[in-house]
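Here's the structure, in structure tokens; my notes come after.
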Amino acid sequence: MTGREAMRWGLKLEMEKNASMLFIDPSSEVYINIPNISLAYAATHFKTRVIDQHILPYPRDRFLRHSADVLGISVRSFALEEAKRIADIYTAKYPSSEIKSVSTSVDVQCCYPFLDFDKKIVFDKPFSDEYPFPDYELFDSFNYLSTNWQTGLWNYSIMTSVGCPYQCTFCACRSRKWHARSAKNSAEELKLAQREYNIVSFEIIDDAFNVDKDRVLEFCGLVKPLKLRWLCSNGLRADRFDEESACAMASAGCDTVGFGIESTDDEVLALVKKGETIGQMEQAVEIAKKYFKEVKGYFILGLPGSNYEKDIASIEWARKQGVKPVVSYYVPVSQPDKIFYGEKASASTLAYPEERQKEIYRYSKKITRGWYYRQGVPAKIMKATFLSIFKYNLNSLLTHFIIGPKRFLSILFKGEVQ
Ligand code: SF4
């Protein structure tokens with residue numbers, strides 16, 4: 480830890496001693512390279528420290544060392560069980576503390592919904608330039624986060640907009656109005672992150688970044704001087720992507736883009752109300768390949784109207800096009816999820832046998848494994864682990880040495896980074 484970081488941490492610890500409120504992000508094994516942005520905004524707004532079990536899972540129960548009048552838990556659906564466990568053991572140790580869920584207008588990240596407890600802490604101002612820039616130094620994972628940002632193992636995650644004007648039946652974002660920050664305000668956050676956290680790369684994790692082409696072009700002009708590498712891999716709309724946007728993004732440092740393809744079958748696309756045809760997607764991919772190092776495609780197996788042949792054709796299409804496939808191969812069937820994903824949602828298990836789903840899964844992972852090696856991910860994991868030794872933070876070190884080998888094995892056997 481540098482002297483400047485130590486001073487900041489001293490101040491934060493001082494804050495903690497007086498804290499009557501503490502936030503926590505429960506751990507899970509999903510998207511561990513993306514901090515909980517919603518919670519970062521809430522913490523910054525309420526000036527509250529965060530125990531970030533999601534990014535820094537060890538030691539697991541360290542939150543029990545802190546007594547607070549209110550423990551605010553950010554309850555993402557994939558971490559619900561851990562959130563309940565935290566609530567139970569915290570109440571057992573501190574019976575007079577209140578447990579609440581923390582929620583903001585940015586409660587959407589990677590399509591997983593956030594859930595509420597009965598009692599809530601709410602920051603529901605619509606997403607706009609009025610929002611403060613997220614202060615990650617409030618997170619106890621800051622040392623670990625910043626190490627990974629500085630080595631480029633992880634990209635600084637930024638949301639420049641939330642929601643989406645489209646109506647795809649399987650997507651959580653469809654029910655959220657599109658709210659965007661200005662290009663200028665988004666670029667300012669990146670300048671600050673570069674100055675304060677020494678980030679070397681960033682990733683836009685908007686639901687629909689390229690809804691407004693003029694905003695995209697302006698953003699590119701503003702971030703170009705920062706000379707940061709960046710990715711726009713969270714699913715661009717192919718029908719709003721053209722040569723001019725591609726050229727502006729690439730010359731501003733973007734080297735990876737992703738499109739929400741879902742399926743290459745036009746009937747399936749129509750059934751899920753994608754509002755695009757495979758022809759439009761092919762055209763976008765064709766342009767993207769000229770400008771970017773990597774082009775990703777997001778696919779969902781088992782969508783209404785699909786079957787084994789159509790799903791395998793989608794993955795095969797990705798292989799032929801040189802698109803890196805990112806595959807979701809399960810659509811839940813329980814009643815609440817039917818409401819969430821749309822009436823026609825069904826698990827792929829109903830469409831064809833499990834063994835054939837696994838075949839597609841293994842096939843897509845084989846393709847992605849090569850991608851991680853080409854991107855030098857194993858070398859970056861090593862670099863971040865060794866850099867952490869010099870930063871003298873025990874929790875951070877512990878996490879690096881437990882998570883690092885897990886990541887290597889995961890790339891080796893599963894073709895994915897965990
Ligand atoms: S366009 Fe993308 S973000 Fe928008 S509703 Fe469809 S899948 Fe969701």
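First residue of the sequence shown: 480, per this note's numbering; consecutive thereafter.
Glycine residues also receive a C-beta, built at the ideal position from the N, C-alpha and C atoms.
Only a predicted model underlies this, so the values are computations on that prediction, with no experimental measurement involved.
Residue i lies in the beta strand (DSSP E); which residues open and close that run?
| i | result |
| --- | --- |
| Ser580 | Glu577 to Thr583 |
| Lys599 | Lys599 to Phe602 |
| Gly758 | Element bounds for Gly758: not the beta strand (DSSP E) but the alpha helix (DSSP H), Ile757 to Tyr770. |
| Tyr635 | Tyr635 to Ile637 |
| Val747 | Here Val747 belongs to no beta strand (DSSP E); instead the alpha helix (DSSP H) covers Asp745 to Leu750. |
| Cys643 | Counting along the chain, Cys643 falls outside any beta strand (DSSP E), and DSSP gives it neither H nor E. |
Checking 9 Å against the spacing of the C-beta atoms, do residue i and residue j come in under that value?
| i | j | result |
| --- | --- | --- |
| Ala763 | Ala717 | yes |
| Cys643 | Trp657 | yes |
| Arg555 | Ser620 | no |
| Lys768 | Gln800 | yes |
| Phe502 | Arg539 | no |
| Ser742 | Lys789 | yes |
| Leu550 | Ile578 | yes |
| Val601 | Ala558 | no |
| Thr523 | Asp614 | yes |
| Ile565 | Phe542 | yes |
| Ile740 | Gly781 | no |
| Arg835 | Tyr787 | yes |
| Ile552 | Phe596 | yes |
From which residue to which residue does the alpha helix (DSSP H) around residue i run?
| i | result |
| --- | --- |
| Thr523 | Ile516 to Phe525 |
| Ile530 | Premise fails: Ile530 lies in the beta strand (DSSP E), Val529 to Asp531, not in any alpha helix (DSSP H). |
| Ser793 | Tyr787 to Gln800 |
| Arg694 | Lys692 to Val702 |
| Leu559 | Leu559 to Lys572 |
| Ser665 | Ala662 to Tyr676 |
| Phe621 | Phe621 to Thr630 |
| Glu616 | Per DSSP, Glu616 belongs to no alpha helix (DSSP H) and is neither H nor E. |
| Glu471 | Residue 471 falls outside the range modelled here, since the chain spans only 480 to 897, and no answer is possible. |
For residue i, which residues in the same chain have their Cβ closer than 6 Å to its Cβ, ignoring the five residues on either side in sequence?
| i | result |
| --- | --- |
| Ala672 | Tyr635 and Ile678 |
| Val695 | Asn689 and Ser724 |
| His545 | Leu501 |
| Lys598 | Lys579 |
| Ala521 | Val581, Thr583 and Phe602 |
| Thr756 | Asp745 |
| Ser793 | Ser742, Thr743 and Phe778 |
| Tyr645 | Gly754 |
| Pro514 | Ile534 |
| Asp567 | none |
| Glu682 | Asn634, Ser636 and Leu710 |
| Ile530 | Ile503, Phe542 and Asp619 |
| Val625 | Reading the sequence as shown, one finds Ser at residue 625 and not Val. Closer than 6 Å at the Cβ level, and outside the excluded window around Ser625, lie Tyr676. |
Starting from the Cα of residue i, find the closest Cα among the options and give me that residue.
| i | options | result |
| --- | --- | --- |
| Lys703 | Asp721, Phe542, Ser556 and Ala731 | Ala731 |
| Arg719 | Asp595, Glu682, Val747 and Met760 | Met760 |
| Lys752 | Ala729, Val774 and Pro783 | Pro783 |
| Lys862 | Pro514, Gln532, Tyr520 and Asn627 | Asn627 |
| Gly758 | Leu780, Trp796, Val736 and Lys803 | Trp796 |
| Lys663 | Phe612, Gln532 and Gln836 | Phe612 |
| Ile766 | Met728, Ala792 and Asn786 | Met728 |
| Pro505 | Ala562, Ile683 and Pro514 | Ala562 |
| Tyr610 | Phe593, Glu560, Ile516 and Gln532 | Ile516 |
| Ile637 | Ile794, Tyr842 and Ser680 | Ser680 |
| Arg655 | Gly855, Pro605, Phe525 and Pro832 | Pro605 |
| Lys772 | Cys726, Asp567 and Leu518 | Cys726 |
| Asp721 | Arg653, Val747 and Tyr770 | Tyr770 |
| Leu594 | Leu518, Ile839, Glu833 and Ile791 | Leu518 |
| Ile791 | Val747, Ile839 and Ser625 | Ile839 |
Can you tell me the Cβ-Cβ gap for residue i and residue j, rounded? I've got them flagged as a contact below 8 Å.
| i | j | result |
| --- | --- | --- |
| Asp548 | Ser499 | 4 Å |
| Gly714 | Phe738 | 6 Å |
| Leu710 | Lys670 | Actually they do not touch by this definition, with Cβ atoms about 18 Å apart. |
| Asp734 | Arg708 | 6 Å |
| Leu701 | Ala666 | 4 Å |
| Val806 | Val774 | About 15 Å separates the two Cβ atoms, so there is no contact after all. |
Just to confirm my understanding: we take residue i, look at its own chain, exclude 5 residues before and 5 after, and list those with CB closer than 7 Å. What are they?
| i | result |
| --- | --- |
| Ala659 | Thr639, Ser640, Asp691 and Arg694 |
| Ser661 | Asp608 |
| Tyr573 | Ser546 |
| Lys859 | Thr630, Gly631 and Leu632 |
| Asp603 | Thr583 and Ser584 |
| Ile881 | Tyr537 |
| Tyr831 | Asn786 and Tyr787 |
| Glu668 | Phe612 and Ile637 |
| Arg653 | Cys643, Tyr645, Gln646 and Cys647 |
Leaving out five residues on either side along the sequence, give the residues of the same chain with a beta carbon under 8 Å from the beta carbon of residue i.
| i | result |
| --- | --- |
| Ser576 | Ser546, Ala547, Asp548, Val549, Leu550, Tyr569 and Thr570 |
| Pro884 | none |
| Gln814 | Its pLDDT being 46, under 50, Gln814 is placed unreliably in this model, and the coordinates cannot settle the point. |
| Val747 | Glu741, Leu782, Pro783, Gly784, Ser785 and Lys789 |
Contact set, ligand 3 heavy atom to C-beta under 5 Å
Summarising the ligand content, the structure contains ligand 1 and does not contain ligand 3.
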